[in-house]
Amino acid sequence: AQTVTQSQPEMSVQEAETVTLSCTYDTSENNYYLFWYKQPPSRQMILVIRQEAYKQQNATENRFSVNFQKAAKSFSLKISDSQLGDTAMYFCAFMNQGAQKLVFGQGTRLTINP
Amino acid sequence: GAGVSQSPSNKVTEKGKDVELRCDPISGHTALYWYRQRLGQGLEFLIYFQGNSAPDKSGLPSDRFSAERTGESVSTLTIQRTQQEDSAVYLCASSLGYWNEAFFGQGTRLTVV
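This is the structure we're talking about:
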């Protein structure tokens, strides 16, 4: 069974700083997809960024980028120039290409301080 | 509709009663997921529907939990004989399948008293 682990329950940084959230996963599959979702206090889950395992190039979306290390089964999220609106729970998620079941980690609570 | 809609948004029920939670996915989305999120916790997978395939029920915690979906439309999650440990936010998501983005509803907050 696939598992996703986020080892940082909480993180806190100052506005405009860069922060990196960690995620590791366990799978025996070769083809899969990885996602980072954001859940602000409104409870609405929002997709931040995604990565296909067969792509070596790390995904980037504006201030958000990932460091995907397939051999190490690591998928960290870097937020540059952090903003107050980035304050939220962040969840790493895994989807097996075949089963298509979306499995989430336990989340990291990120607080951006003014 | 414009997004995934869940109802009710909040539900308070007495221990031992049955509850039904409803999810209206985005039109055309073949995949539908149910998750449970306890306070301050991550998303616990419950069940996954994909088109007309047999659902993946591997996450349902007990036989008190069941879910149905007719075709690619509405899904209902039923919890029978509710227990206090069932108190949580129940989130529904839908997607076009495969690795497409999953869009989430606002969730139903269930409180069992």
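Protein chains in written order, with our numbering: chain B, 1 to 114; chain Z, 115 to 227. Glycine included, each C-beta is placed from N, C-alpha and C at the ideal position. Computed from a predicted structure; not experimentally measured.
- Annotated three-state conformation of D138 of chain Z is strand, per DSSP.
- Counting only Cβ-Cβ distances below 8 Å, G105 of chain B has contacts in chain Z at G156, in chain order.
- With a threshold of 7 Å between beta carbons, L47 of chain B makes contact with chain Z.
- Between Q100 of chain B and Q198 of chain Z, the beta carbon gap of about 33 Å keeps them out of contact (Cβ cut-off 8 Å).
- For E182 of chain Z, the enclosing beta strand (DSSP E) stretches over residues 179 to 183.
- Taking a Cβ-Cβ threshold of 9 Å, none of the residues of chain B is close to A168 of chain Z; the smallest such distance is about 12 Å.
- Taking the Cα of L21 of chain B as reference, the smallest distance to any Cα among B:Q44, B:I49, B:M95 is reached at B:I49.
- Under the Cβ distance rule, F179 of chain Z does not count among the residues neighbouring chain B, no pair being separated by less than 7 Å.
- Taking 7 Å as the cut-off, the beta carbon of A202 of chain Z is found closer than this to the beta carbon of Q151 of chain Z.
- Distance from the CA of V118 of chain Z to the CA of R43 of chain B, rounded to the nearest whole angstrom, comes to 13 Å.
- Here N96 of chain B is buried. Its C-beta has 16 or more other C-beta atoms within 10 Å.
- Here the alpha carbon of C206 of chain Z sits roughly 21 Å from the alpha carbon of T108 of chain B.
- Put simply, the backbone Cα of N30 of chain B is about 29 Å away from that of E186 of chain Z.
- In this structure, Q6 of chain B and G98 of chain B do not form a Cβ contact; the two beta carbons are roughly 24 Å apart against a cut-off of 8 Å.
- Our two residues, Y162 of chain Z and T222 of chain Z, have alpha carbons roughly 17 Å apart in a direct line.
- In the structure shown, the three-state DSSP call for E158 of chain Z is strand.
- Around the beta carbon of Y37 of chain B, 16 or more other beta carbons lie within 10 angstroms, which makes this residue buried.
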